[in-house]
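Chemist: Handing you a structure now.
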Amino acid sequence: MIFWKLTKFPTKKSDVFKFNGVSRWTVRRVLNSSTDRTFHNDPNKSETRGRKRKWTEDDIDAVEDLFEKEGFEGERLQPSEIPAAAGVPDVHPSTTRRSLRIRKYNKRLAHIVEFIDERYAKRRKKWSEDTIYKRPLPECWDVIYFSDEVHFGYDDERQAYIYRKPGTRYEPYSLQEKKSPTKKDEKKLHAWAAVGIGYKSDLVFYEITSNNNGKMTQKVYEEQILEKHIRPLLNEGRTFILEEEDGDSGHGPGPKNRVRRWKEKHGLPNIQRAQIAAPLKAWRQTRRSRLQQSFYCGKRV
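The sequence shown runs 619 to 919 under the numbering used here.
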């Protein structure tokens, strides 16, 4: 208006821009600076575009409270069961999944652990309390080496991925034959290992000729494990306590046997039937998980 009064001639918008010395893009940016469309990335402004979400943040909080209160039983609920259990508006299962994904909740495989009965749990607690009293500091565990055996078989157990045309799934040339081996023909590997703070042994493979299940015998334990792998450590001057997690008879837990005599002769103290969670088993689970992720090209498990 001021520009028209000064010029008294018909004008264009471009003339107004030139008169004020600004570009038209700057003018548009200033005029639109207070509109809702410019606030969609502002964390202090609420989103005004699109349809309102069916679940509010309070509803998602209620579902999280359900998971924390019910634990595993709450987390295993199906998306269609969650709204009623949490007392929130009933929505489509896809909406439930999308809403929980905002808080990084996704359905994943549950890790299976061994069931522990009440009596065994009390023994574990008592052992842990006594042990933490004897070794209260982290450096007290430098002399503890945890050992255990592992048994596993190998086979092409997974379904194969093949190139085929649609509709040829049941053609003879597209079928994968699977025949499980008998117990007699099934090949298994048996290995022993020990870990400690700053120490990790090699994975020692051994053979048991007297049985097919890989159960450790005192003869094999003394000749293939203690003599070949533990004695060199003792000769180096290492001082440590060998913790044998499963308390197997092959480790010589009794008062008089060849393994016990070997340990007494070489000054090797050991702990039998420890009631703590096995570090080697946890380490194996971690390694197996990483191998699976690598095999599946980074897919989460």
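Cβ atoms here follow ideal geometry from the backbone N, Cα and C, with glycine treated the same way.
These figures come from a predicted structure and were not determined experimentally.
(1) For residue 810, which residues does DSSP report across the bridge?
(2) Return the CA-CA distance between residue 692 and residue 713, expressed in angstroms with no decimal places.
(3) Three or more C-beta pairs closer than 8 Å, one from the segment 713-727 and one from the segment 754-761: is that the case here?
(4) By the DSSP assignment, the alpha helix (DSSP H) with residue 684 in it spans what residues?
(5) How is residue 839 classed by DSSP in three states: helix, strand or coil?
(6) With three or more C-beta pairs closer than 8 Å as the rule, is the segment 805-825 touching the segment 846-861?
(7) By the DSSP assignment, the alpha helix (DSSP H) with residue 700 in it spans what residues?
(8) How long is the line joining the alpha carbons of residue 792 and residue 784, rounded to whole angstroms?
(9) Going by DSSP, what residue range makes up the alpha helix (DSSP H) through residue 786?
(10) Using a Cβ-Cβ cut-off of 8 Å, state whether residue 878 counts as contacting chain B.
(11) Give me the Cβ distance between residue 839 and residue 813, rounded to the nearest whole Å; I'm assuming they're in contact under 8 Å.
(12) Express the C-alpha separation of residue 746 and residue 881 in angstroms, rounding to a whole number.
(13) Using 10 angstroms around the beta-carbon of residue 739, count the other beta-carbons present and answer buried if the total reaches 16, otherwise exposed.
(14) First and last residue of the alpha helix (DSSP H) that includes residue 747?
(15) Taking residue 794 as the reference, give the member of 806, 779, 807 with the closest Cα.
(16) Have a look at the DSSP bridge pairing and note the partners of residue 817.
(17) Put residue 718 into one of helix, strand or coil per three-state DSSP.
(18) What does the alpha-carbon distance come out to for the pair residue 828 and residue 807?
(19) What does the alpha-carbon distance come out to for the pair residue 894 and residue 690?
(20) Since residue 762 sits in a beta bridge, which residues does DSSP pair it with?
(21) Going by DSSP in three states, residue 712 sits in which element: helix, strand or coil?
(22) Return the CA-CA distance between residue 898 and residue 879, expressed in angstroms with no decimal places.
(23) Use the C-beta contact count for residue 764: other C-beta atoms within 10 angstroms, 16 or more gives buried, fewer gives exposed.
(24) State the CB to CB distance for the pair residue 670 and residue 709, rounded to an integer number of angstroms; the pair is presumed to be in contact (CB under 8 Å).
Modeler: Concretely, from the data shown:
(1) 767, 822
(2) 18 Å
(3) no
(4) 675-688
(5) Assignment of residue 839 by DSSP, reduced to helix, strand and coil, places it in the helix class.
(6) yes
(7) Start and end: 700-704.
(8) 11 Å
(9) That residue, residue 786, is in no alpha helix (DSSP H); it is neither H nor E in DSSP.
(10) Protein chains in the displayed structure number just one, and chain B is not present.
(11) At roughly 18 Å, the Cβ-Cβ gap does not stay under 8 Å, so residue 839 and residue 813 are not in contact.
(12) 25 Å
(13) So residue 739 counts as exposed.
(14) Per DSSP, the continuous alpha helix (DSSP H) segment holding residue 747 begins and ends at 736-752.
(15) Just measuring C-alpha positions, the residue of 806, 779, 807 sitting nearest residue 794 is 779.
(16) According to the DSSP secondary-structure assignment, residue 817 is paired through a beta bridge with 814.
(17) In the structure shown, residue 718 sits in a helix (DSSP, three-state: H, G or I).
(18) Rounded to whole angstroms, residue 828 to residue 807 spans 15 Å at the Cα level.
(19) Bear in mind that the predicted position of residue 894 carries a pLDDT of just 48, short of 50, making it too unreliable to give a figure here.
(20) Paired residue(s): 859.
(21) helix
(22) With a pLDDT of only 49 at residue 898, under 50, the local geometry of the prediction cannot be trusted, and no value is derived from it.
(23) Answer is buried; the Cβ neighbour count reaches 16.
(24) No, residue 670 and residue 709 are not in contact; Cβ-Cβ is about 13 Å, not under 8 Å.
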